[in-house]
């Protein structure tokens, strides 16, 4: 699984989890290193050729990653082909022929709502909403207090890790229904 966090600085957290639950994360300590971080990620994609199972990647992760790659003039194209979007490809296909699972929700829902509906135990995190992530990252960048900086970084990485866990949880729950 893969998820990203983004903000006015571009990509500042990249995280992915393998099928065994092992997490890898890259954090942008310095905004000048964004190109290097994304280049390393693209090299990993080309080498490993993974399927990145994500939630709402069609409208969020893939376009934002592609925009960052284009802005930084990295020659990686068609990042969206690496993604399998649990939201669009499984839960809300908008096609009765393709739709396999029907959740008792009146409207399309986000990662948190769906994972908790399926039984995910909500952790007590400092950052509980993706809207807060760019704000906390800006505070991280502007803080001169090393202890506070480390706390912001830890909170951002924990939030990213939780999104990865939630995505894997949804995937695993749907697989069990097969």
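In full-length UniProt numbering, the protein residues as written are 1 to 178.
Every residue, glycine too, gets a C-beta built ideally from N, C-alpha and C.
Given the structure is predicted, the values throughout are model-derived calculations rather than measurements.
When rounded, the separation of the alpha-carbon atoms in residue 82 and residue 50 is 7 Å.
Put simply, the segment 162–175 touches the segment 107–118. At least three CB pairs are less than 8 Å apart. Taking a C-beta distance under 8 Å as the contact criterion, residue 156 and residue 136 qualify as a contact pair. Residue pairing by DSSP puts residue 53 in a beta bridge opposite 84. Here DSSP, grouped into helix, strand and coil, assigns residue 12 to strand. Between the beta-carbon of residue 56 and that of residue 89 there is about 11 Å, and that puts the pair past the 8 Å contact cut. Residue 18 is classed as exposed because its beta carbon has fewer than 16 other beta carbons within 10 Å across all chains shown. For the options 65, 12, 79, the alpha carbon positioned closest to that of residue 46 is the one of 79.
By the Cβ neighbour-count rule, residue 127 is buried, with 16 or more other Cβ atoms within 10 Å of its own.
Between the alpha carbons of residue 24 and residue 97 lies a gap of roughly 36 Å. Cβ neighbours of residue 11 within its own chain (closer than 8 Å, five residues either side excluded): 4, 5, 28, 34, 37, 38, 64, 65, 68. Distance check between residue 75 and each of 41, 53, 172, 143 places 41 closest, using alpha-carbon atoms only. Around the beta carbon of residue 177, fewer than 16 other beta carbons sit within 10 angstroms, so the residue counts as exposed. Between the alpha carbons of residue 16 and residue 146 lies a gap of roughly 27 Å. The beta carbon of residue 161 sits closer than 6 Å to the beta carbons of 23 from its chain, once the five residues preceding and following it are set aside; these are given in chain order.
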